[in-house]
């Protein structure tokens, strides 16, 4: 593991697992499917932290793996820098706990091997998007993750799920079309697909109308993937119809990686960010958090409520990025981290509630706290975190974003961020009141606790929500500040990658 060859494991492990899963499921017992799944996700989590430690000991904080030994821009490469490492740790942490949860969640489903095959195909695509240094391969990995997610939304083949998957597929294909068209224009203009080489060329070449046009294509395409308002129509149906563990992956990491990460990597490190992009980000961010906050208040389906909340939290991330200051970007990345954890947790608790009460209608549930104390506690932790209540991580991330707004004189945006948090809190208090606080209904008297592995994942994520604020201490804050530094470094990304590749 001393060589940077380990970078390929982020794609090789999940892709190999997806291939083996169908064979294991066909010729071995279900138990081996579960063991293989958990071991693969645990391996990815270990390699993620290994990459973080390896990167911190590397000069320049950047690693480049040249596939086949070909030097970029002639060959394809994988790149790991501080932003990449941040995303890998986050993605594979969430994936591990979702995988453990899913072992029990899909245990009685005869198609469990197919479920995990699609799950690891999606994880292959997500990890590939994060580590690739080639723009066309970013598109390939993005499509691999998207196609797997389309199938997973419709996994149980119910009418509602098929309809949601169809809508998600159509809008996803439209988004992919915008992205592919943007890549085609960039390739015709720069004659390269290597992201670092493209960055270096654009830094010295007059772009005229090309970059603004391509940026519009990318913001539209990746905005659809990230479900920013007004590109959000697909998300409530997809997230509410998918199995709970897949909803956790969609909201926790998929929209963050395929939407936010990919867009920021291109606009900051290839194009070079300009004020007009930042102003647009701030507007879209505030629009998303306010519109989704209002819409969430009217929802009575638990997962639809959480889905609209996800749109709002993405708005906070984009708002923080749009501020454009080191503090704003730090707050955005920390909010991205804590929301991935807390919203994954909330969707997992929704799966436990649905499994126990056999309904997601908030009005038809009550008093579950007595029957499901761990689920109730985990849901409370996730709810308080996304609502921005101290001492949970969401409080600190939102506070940093609001302070960054005030420092730049964006008082209206700061007020909107506070108002959006109030909307989220009201929605989450509705969940607490109707599902957990009232007297237990007769039909719920015989509810049983969910299996241990489901409880294990929820409790672990709840503890991360509670103690996430400690990650802002000076000894650990570098995890976020280094990632923010990659975005703030802008076009210096191209120079660093090509220099590291030449060594």
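In the numbering used here, the protein residues as written are 1343 to 1845.
Note that CB positions come from ideal geometry on N, CA and C, so glycine has one too.
Asked: Whole angstroms is fine: what's the gap from residue 1800's alpha carbon to residue 1742's?; Found: 27 Å
Asked: Mapping DSSP to helix, strand and coil, what is residue 1687?; Found: helix
Asked: Have a look at residue 1691 and residue 1413 and give me their C-alpha separation to the nearest angstrom.; Found: 47 Å
Asked: Locate the beta strand (DSSP E) running through residue 1389, then write down its first and last residues.; Found: From DSSP, residue 1389 is part of no beta strand (DSSP E) but of the alpha helix (DSSP H) over 1372-1398.
Asked: Which runs of the alpha helix (DSSP H) fall wholly inside the stretch 1714-1767 and span at least 4 residues, in chain order?; Found: 1715-1729, 1735-1749
Asked: At 3 residues or longer, and completely inside the stretch 1407-1492: list those beta strand (DSSP E) runs for me, N to C.; Found: 1419-1423
Asked: Which residues does DSSP list as the beta-bridge partners of residue 1504?; Found: In the DSSP output, where bridge partners are listed per residue, residue 1504 has none listed.
Asked: Taking buried to mean at least 16 other C-beta atoms within 10 Å of its own C-beta, is residue 1369 buried or exposed?; Found: exposed
Asked: Run the CB neighbour count on residue 1703, radius 10 Å, all protein chains shown included, and call it buried at 16 or more, exposed below.; Found: exposed
Asked: With residue 1657 as the anchor, note down where its alpha helix (DSSP H) starts and where it stops.; Found: 1644-1665
Asked: Below 6 Å CB to CB, which residues in the same chain sit around residue 1424 once its five sequence neighbours on both sides are set aside?; Found: 1403, 1824, 1825, 1828
Asked: Measure the Cβ-Cβ separation of residue 1718 and residue 1805 and say whether it is below 8 Å.; Found: no
Asked: For my contact list, residue 1473 and residue 1421 are in at a C-beta cut-off of 8 Å; report their separation, rounded to the angstrom.; Found: 7 Å
Asked: In the DSSP assignment, what residue or residues form a beta bridge with residue 1404?; Found: 1423
Asked: For residue 1331, name the three-state secondary structure that DSSP assigns.; Found: Since the first and last residues shown for the chain are 1343 and 1845, residue 1331 lies out of range.
Asked: Once the 5 residues before and after residue 1374 are set aside, which same chain residues still bring their CB inside 7 Å of it?; Found: 1366
Asked: Where do the N-terminal and C-terminal ends of the alpha helix (DSSP H) with residue 1593 fall, by residue?; Found: Where residue 1593 is concerned, there is no enclosing alpha helix (DSSP H), given that its DSSP letter is neither H nor E.
Asked: Under three-state DSSP, which class holds residue 1498?; Found: coil
Asked: Specify, as a first and last residue, the run of the alpha helix (DSSP H) that residue 1797 falls within.; Found: 1794-1809
Asked: Which whole-angstrom value describes the C-beta separation of residue 1653 and residue 1571, a residue pair presumed to lie in contact below a C-beta threshold of 8 Å?; Found: 6 Å
Asked: Tell me which same chain residues have a C-beta within less than 7 Å of the C-beta of residue 1832, skipping the five on either side of it?; Found: 1610, 1611, 1614, 1615
Asked: In terms of alpha-carbon separation, which member of 1495, 1489, 1533 lies closest to residue 1517?; Found: 1489
Asked: At the level of alpha carbons, what is the spacing between residue 1569 and residue 1591?; Found: 14 Å
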